[in-house]
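Residue 888 in this note's numbering sits at position 328 of the sequence shown, and the numbers go up by one each step. Take a look at the structure set out below.
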Amino acid sequence: MLSALTTDFYELAMAQGYFLKKHNPRVVFDMFYRTNPFNGGYLIFTGLEELLTKLEEFSFSSDDIEYLRGLGSFDPSFLEFLKTYRFKGDIYAFDEGTPVFPGEPLIRVETDLIDAQLIETILLNTINFQSLIATKASRMVQATKGRGAIMEFGLRRAQGEDGGHSAARASFIGGTKVTSNTFAGKKYGIPVAGTMAHSWIMSFDSEVEAFRAFADLYPDNAIFLIDTYDTLTSGIESAITVGLEMKKKGKKIGVRIDSGDLSYLSKAVRRKLDEAGLTDATITISNDLTEEIILNLVNDGAPIDSWGIGTHLVTGGNQASLNGVYKLAAKEEDGVFIPTLKVSSSYEKTTNPGIKQVYRFYDEFGSALADLITLADEKLEEGVNIPFYHPFSTQDFFIMKKKNYTRFKAMLTKKMEGGKRLYKEINIREIQRRSAELLTEFDKSYKRQINPHIYKVSLSSHLRELKTKLIMEARIESEEEK
């Protein structure tokens, strides 16, 4: 069971306040993020299936209660309440693996205030990190332009053990093919792979001996690391010697390059392999690869069959976290949900009020056109012109003309009711397949590595009117209080 102590202390402090003050109405919280990571054009929504499992397990053990009692900060009656606490809310969310965009409510939580507050940290921790890493993996896969599979080799560079496991899962959803993380392979069903380190070669008297021993042990996975001493002399020549021996046995080899000028070396190695008759030998490269390096190598025509990536994949590289947040959107008063919003002098930090839905619009070819955030009780009519209002401007809008779209789809669906998952956990391979398929719905301009086109996320006229009204009321009240 997951300890409900996996939360920020102030969540418990607020929860106790709500409990002691008997202030625990039904509420609606939204999880969303504000800007795309890596200066990219999209995010791969990831972590949902694990989150649902965590929420079903989220509870306080007797040891947890005793620890809290020892802090001297909590009333005995609140601790008694926590003894039987289990999450009992409803969860609406996008399907895991879906490409999503800033400002959209990716998860909607409907429950009581204490319940919603206690799960905030674990929700953000799970979704923010896994979505970040899945997106990084997706960008790297896009950078290969279909030329070779990406292998995730990042456990030793990840942010701790759990970070390594979560990163392996998220990377696979983002499009990697295998992981070096054996535990993640067992836990998530991800294919595992790995060959040798430089220490293997160094432990033998020669590279030929090292390669020959490895090939004898693993004839169907004989990939030789050729840059221990000199890639283009002893390394590749030793690999060719053993490769020709394996060819006579009906086996093929591969080589891996982990340092140096990867474009120059891969081309030179390819020539030597081909000249020796090892045309079916494969080339894998590694060494702190980023999506920019991958793209440069692909554009340079480097003959690479697979990519081993660790550090910059599992850590997020140049961006360490996703700016996902969790905000109150509505609260119940006298049996009616009242919309709420956070008003900020920075307009992009002013939240969208009320219980919401997101619709994705498609053209006749199945390509995604734009997303519309609406109030959940709005009924969209097909075959009519629909105004799309800019999320941060009260003036900017465009009309989604009926001739331009053929259908729209509600993106938030119910995943959990009363704290119980409504379906069996989805296999990670299915999530990966679905994610790749959904990404093809978007024009390549949204997936560019540099300066991607901005996908439009807009507000419906009803939501825009509600937001404008609440902002005006809040500002008038603020002025009157001065």
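Cβ atoms here follow ideal geometry from the backbone N, Cα and C, with glycine treated the same way.
Going by C-alpha positions, A728 is about 44 Å away from G895. Listed as beta-bridge partners of A727 by DSSP are no residues whatsoever. Counting C-beta pairs with one atom in each stretch, the stretch 814-829 and the stretch 847-862 have three or more that are closer than 8 Å, which means they touch. For the set D956, Y949, I946 and Y922, the Cα lying nearest the Cα of F968 is the one of Y922. Taking the C-beta atoms as reference points, M711 is found no nearer than 8 Å to S619. Rounded to the nearest whole angstrom, the CA to CA distance from I796 to V1017 is 52 Å. Of the residues E1033, F771 and A575, the one whose Cα lies closest to the Cα of I674 is A575. In the assembly as shown, I898 is an exposed residue. Its beta-carbon has fewer than 16 other beta-carbons within 10 Å. For F634, the three-state secondary structure derived from DSSP is coil. Here A930 is not near E1001, since their CB atoms are 8 Å or more apart.
DSSP places R586 within a strand segment (E or B) once states are collapsed to three. The C-alpha of G720 is placed about 37 Å away from the C-alpha of R920. For the pair L683 and I1010, the Cα-to-Cα distance works out to about 30 Å. Distances from the CA of D655 to each of Q992, T566 and R646 were compared; the closest alpha carbon is that of Q992. Closest in alpha carbon position to R668, among I915, T658 and F958, is I915. Beta-bridge partners assigned by DSSP to Y922: A928 and R967. By the Cβ criterion, the stretch 866-879 is in contact with the stretch 699-718, since at least three pairs of Cβ atoms, one from each stretch, lie closer than 8 Å. The stretch 862-930 is shown to contain whole beta strand (DSSP E) runs of 3 or more residues at 866-869, 884-893, 896-899 and 916-922, in chain order. Per the Cβ contact rule, the stretch 697-711 is in contact with the stretch 729-743 (3 or more Cβ pairs under 8 Å). For I946, DSSP records a beta bridge to M960.
In this structure, S622 is the residue among S622, I651 and G657 with its C-alpha nearest to the C-alpha of E640. Setting aside the 5 residues that flank it on each side, R1008 is surrounded in the same chain by G601, each with a C-beta closer than 7 Å to its C-beta; the list follows chain order. Contact annotation: V815 and A799 have beta-carbon atoms nearer than 8 Å.
The beta carbons of S1020 and L882 sit no closer together than 8 Å. Looking only at E942, H872 and P951, the smallest Cα-Cα distance to K962 is reached by E942.
Non-local beta-carbon contacts of K887 in its own chain, meaning distances under 7 Å to residues more than five positions away in sequence, involve F589, D590, K902 and T911 in chain order.
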